[in-house]
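Residue numbers (full-length UniProt numbering): 1 to 467.
Don't be surprised by glycine CBs; every beta carbon is placed ideally from N, CA and C.
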Amino acid sequence: MNHVPHSDTGHGAVATDRRGGGQPVPVKHTIYWRETETVEPGPPLDGDVRCDVVVVGGGYTGMWTAYQLKQAEPSMDIHVVEADYAGSGASGHGDGFVTPTIGHNLAAFVNAFGIDRAKVAYSLVGRSILELDRFCRQHGIDAQLEPNGYFQVATNASQMRWLERDIAMIEQMGARAPKLLDRAAMARRIGSPEIIGGMEISGALVNPHRLVRGLSRAVRAAGIHVHERTPATEVIRGVGGGHVVRTPGGTVTADKMLLATNAHQHQFPEFRREVKPLWSYAAVSEPLTDRQLAQVDWAGREGFVEALNFIVFARLTAGNRLLVGGGPAPYHYGRDMDDRHMRNLSAATVLRQTLARYFPVWKDVRFTHVYGGCLDMTRDFVPHVGTLGDGVFFAHGYCGNGVALTHTIGKALRDLMLDRETAYSTMPFIGGPRKTYPAEPLAYLGVRAQNLVLSLQDRFPGLLAGR
Ligand SMILES: Cc1cc2nc3c(=O)[nH]c(=O)nc-3n(C[C@H](O)[C@H](O)[C@H](O)COP(=O)(O)OP(=O)(O)OC[C@H]3O[C@@H](n4cnc5c(N)ncnc54)[C@H](O)[C@@H]3O)c2cc1C
Numbered sequence: 001m002n003h004v005p006h007s008d009t010g011h012g013a014v015a016t017d018r019r020g021g022g023q024p025v026p027v028k029h030t031i032y033w034r035e036t037e038t039v040e041p042g043p044p045l046d047g048d049v050r051c052d053v054v055v056v057g058g059g060y061t062g063m064w065t066a067y068q069l070k071q072a073e074p075s076m077d078i079h080v081v082e083a084d085y086a087g088s089g090a091s092g093h094g095d096g097f098v099t100p101t102i103g104h105n106l107a108a109f110v111n112a113f114g115i116d117r118a119k120v121a122y123s124l125v126g127r128s129i130l131e132l133d134r135f136c137r138q139h140g141i142d143a144q145l146e147p148n149g150y151f152q153v154a155t156n157a158s159q160m161r162w163l164e165r166d167i168a169m170i171e172q173m174g175a176r177a178p179k180l181l182d183r184a185a186m187a188r189r190i191g192s193p194e195i196i197g198g199m200e201i202s203g204a205l206v207n208p209h210r211l212v213r214g215l216s217r218a219v220r221a222a223g224i225h226v227h228e229r230t231p232a233t234e235v236i237r238g239v240g241g242g243h244v245v246r247t248p249g250g251t252v253t254a255d256k257m258l259l260a261t262n263a264h265q266h267q268f269p270e271f272r273r274e275v276k277p278l279w280s281y282a283a284v285s286e287p288l289t290d291r292q293l294a295q296v297d298w299a300g301r302e303g304f305v306e307a308l309n310f311i312v313f314a315r316l317t318a319g320n321r322l323l324v325g326g327g328p329a330p331y332h333y334g335r336d337m338d339d340r341h342m343r344n345l346s347a348a349t350v351l352r353q354t355l356a357r358y359f360p361v362w363k364d365v366r367f368t369h370v371y372g373g374c375l376d377m378t379r380d381f382v383p384h385v386g387t388l389g390d391g392v393f394f395a396h397g398y399c400g401n402g403v404a405l406t407h408t409i410g411k412a413l414r415d416l417m418l419d420r421e422t423a424y425s426t427m428p429f430i431g432g433p434r435k436t437y438p439a440e441p442l443a444y445l446g447v448r449a450q451n452l453v454l455s456l457q458d459r460f461p462g463l464l465a466g467r
């Protein structure tokens, strides 16, 4: 079993950005968000523990599930083991778009499960978006949450058709469908000459690191034990009436176990072929000055996502840095998630070009951080959530959309563990068939081929149908 602690290590400043004159700024290949709140990891597990539930992985999935369970059954004894610190994985690392999307995109989900079941699942995730805001206010978490929705935008006619199709699906779901905004209407919301249309979607922007750290405090305050710097080195299912998690400092034995390690989930033989870690990159600028901010109409500060297979997106942070992300999503042979891939010069170039494309007036804005992280992609582009049938539960396959969905899935896992049949525990993707990837080298070759087709669809939208 290979656990991968990923606190920022020796991938600091390796280059400088000299654009726009003035002093060159160092470019770090470390996660920007981590600089917004320092972390003192808690003590590791020391000794042997017997409890009701053990959770492996202290990200949003593990902690939302632990929290929801404890709310439902206050007497339950719950232990979370986390290899590094709570939130050190994708949860504290993402780009902070709080979206209702389940899996890779709406169309893939509707194709897989049909309109009616998609409607129920999407409404539950919509509720989670509202509840996240409420949770932060209730627990005094300053997650820099801006509940202002975001735009799905188009830069060519083919993408406009994708937006029209998504709007038609939302109408079929009986939900209030967004209007398709034309170039002029979009220009009033986001002053980019590249954008020819868009639709506004309910959601929010958040600082993911502050959210997950705040969540970890709330989880502890609720009486849940979180053991940081505690990697599960071995997981033994169903020994002597309990599941055992071995760690360097001791063991946790529990009646029920949740495996919630996201892109690391392939470390467990049961899921070896289910999750493919795809690298996704972001670049963050130095804070924009008032003069720079005044150059672009963007009063509502909504994030936006371009409707592509390999989405690209941009948002402002609370401190008015510009974050641009997405583009190519490389996969490295053998599910290689090594930190050296945090630095990727071709991804940095694509993000620089993306910035210049959307906002030519900001083309000389300097990046201070360019970094990557691993998405947990599934072959069917939908999450895999359920139980192995013996008191072992799992959730992975968020495909890059997990901030709100992990909250919803936390409730689903709660209900599954408590053996309750609810709208959450019967969401369409729960307990369903789980498509798998072939073994290497076929997995690698297959991903390369798939990525090639998807990127060609993005580059030649008129010729090849996509999404
Ligand atoms: C670059 C990037 C950008 C993203 N942007 C967005 C976005 O803008 N909006 C959005 O909705 N979603 C986004 N996502 C997806 C979202 O962040 C994830 O879906 C979500 O954080 C998943 O939470 P999790 O708890 O399942 O996983 P994680 O947060 O990855 O938690 C898993 C934890 O398991 C731990 N672990 C691994 N192995 C072991 C072991 N053996 N023992 C103990 N612990 C272990 C890890 O250290 C980690 O902390 C993004 C993801 C990435 C990578």
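First and last residue of the alpha helix (DSSP H) that includes residue i?
i      : result
PRO208 : 208–221
CYS399 : Counting along the chain, CYS399 falls outside any alpha helix (DSSP H), and DSSP gives it neither H nor E.
GLY62  : 60–72
LEU442 : 442–459
MET186 : 183–189
ALA171 : For the record, residue 171 in the displayed sequence is Glu; it is not Ala. Per DSSP, GLU171 belongs to the alpha helix (DSSP H) from 157–172.
VAL350 : 345–358
ARG273 : Neither: ARG273 is in no alpha helix (DSSP H) and is coded neither H nor E.
Which stretch, first to last residue, makes up the beta strand (DSSP E) that contains residue i?
i      : result
VAL39  : Where VAL39 is concerned, there is no enclosing beta strand (DSSP E), given that its DSSP letter is neither H nor E.
GLN152 : 150–154
ALA282 : 276–285
ASP52  : 49–56
GLU131 : Segment 115–138 is the alpha helix (DSSP H) holding GLU131; no beta strand (DSSP E) there.
TYR371 : 367–377
LEU258 : 250–259
LEU322 : 322–326
ARG315 : 312–316
So which of the options has the shortest CA-CA distance to residue i?
i           : options                        : result
GLN267      : GLY326, PRO44, MET337, ASN320  : MET337
PHE151      : VAL305, ALA90, PRO100, LEU211  : VAL305
residue 550 : PRO287, THR61, ALA83           : Residue numbering for the chain in the displayed model covers 1 to 467; residue 550 lies beyond these limits and cannot be assessed.
VAL56       : PHE394, ASN344, ALA260         : ALA260
ARG379      : CYS399, VAL324, ARG343, GLY431 : CYS399
ALA118      : ASN451, ALA423, ALA348         : ALA423
ALA72       : GLY94, LEU413, PRO441          : LEU413
ARG34       : HIS93, TYR67, ASP17            : HIS93
ASP77       : ALA168, PHE393, ARG220, ARG291 : ARG220
ILE390      : ALA218, VAL239, LEU69          : Residue 390 is actually Asp in this sequence, not Ile. The option with the nearest alpha carbon to ASP390 is VAL239.
ILE170      : GLN159, ARG213, GLY191, THR101 : THR101
GLY47       : TRP298, PRO248, ASP255         : PRO248
MET377      : LYS363, VAL361, ALA395         : ALA395
GLY334      : VAL53, LEU442, ARG19, VAL27    : LEU442
GLY149      : GLY203, ALA185, GLY223, VAL350 : GLY203
ARG459      : ALA318, ASN309, ILE409         : ASN309
Report, in whole angstroms, the separation of the C-beta atoms of residue i and residue j, which I expect to be a contact under 8 Å.
i      : j      : result
THR155 : GLU194 : 5 Å
LEU163 : ALA307 : 6 Å
SER216 : VAL226 : 6 Å
ALA263 : LEU375 : 7 Å
LEU211 : GLY198 : With a Cβ gap of about 26 Å, LEU211 and GLY198 do not count as contacting.
CYS51  : VAL252 : 6 Å
LEU132 : HIS407 : 6 Å
VAL284 : THR368 : 6 Å
LEU416 : PHE393 : 6 Å
ILE196 : MET160 : 7 Å
Quick one: using the 10 Å Cβ neighbour count with 16 as the cut-off for buried, is residue i buried or exposed?
i      : result
PRO208 : buried
ASN111 : exposed
LEU230 : Contrary to the premise, residue 230 reads as Thr rather than Leu in this sequence. That one is buried.
THR38  : exposed
ARG343 : buried
GLU228 : buried
HIS3   : Confidence at HIS3 is low in this model, with a pLDDT of 42, below 50, so its placement is unreliable and no value can be given for it.
GLU302 : buried
TYR371 : buried
PRO433 : exposed
GLY12  : Note on GLY12: pLDDT 47, under 50, position unreliable in the model; the coordinate value appears next. By the 10 Å Cβ count, GLY12 comes out exposed.
ARG134 : exposed
THR16  : exposed
HIS6   : Because HIS6 carries a pLDDT of 43, less than 50, the predicted location of this residue cannot be relied on, and the following value inherits that uncertainty. The residue in question, HIS6, is buried, as its Cβ has 16 or more Cβ neighbours within 10 Å.
GLU440 : exposed
SER128 : buried
VAL27  : buried
THR99  : buried
THR9   : For THR9, the pLDDT reaches just 39, beneath the cut-off of 50, and the residue's location in the model is therefore unreliable, although a value from the coordinates is still provided. By the 10 Å Cβ count, THR9 comes out exposed.
ILE311 : buried
LEU124 : buried
Does the beta carbon of residue i fall short of 6 Å from some heavy atom of ligand 2?
i      : result
HIS264 : The ligand content of the structure shown is limited to ligand 1, which means ligand 2 is not among them.
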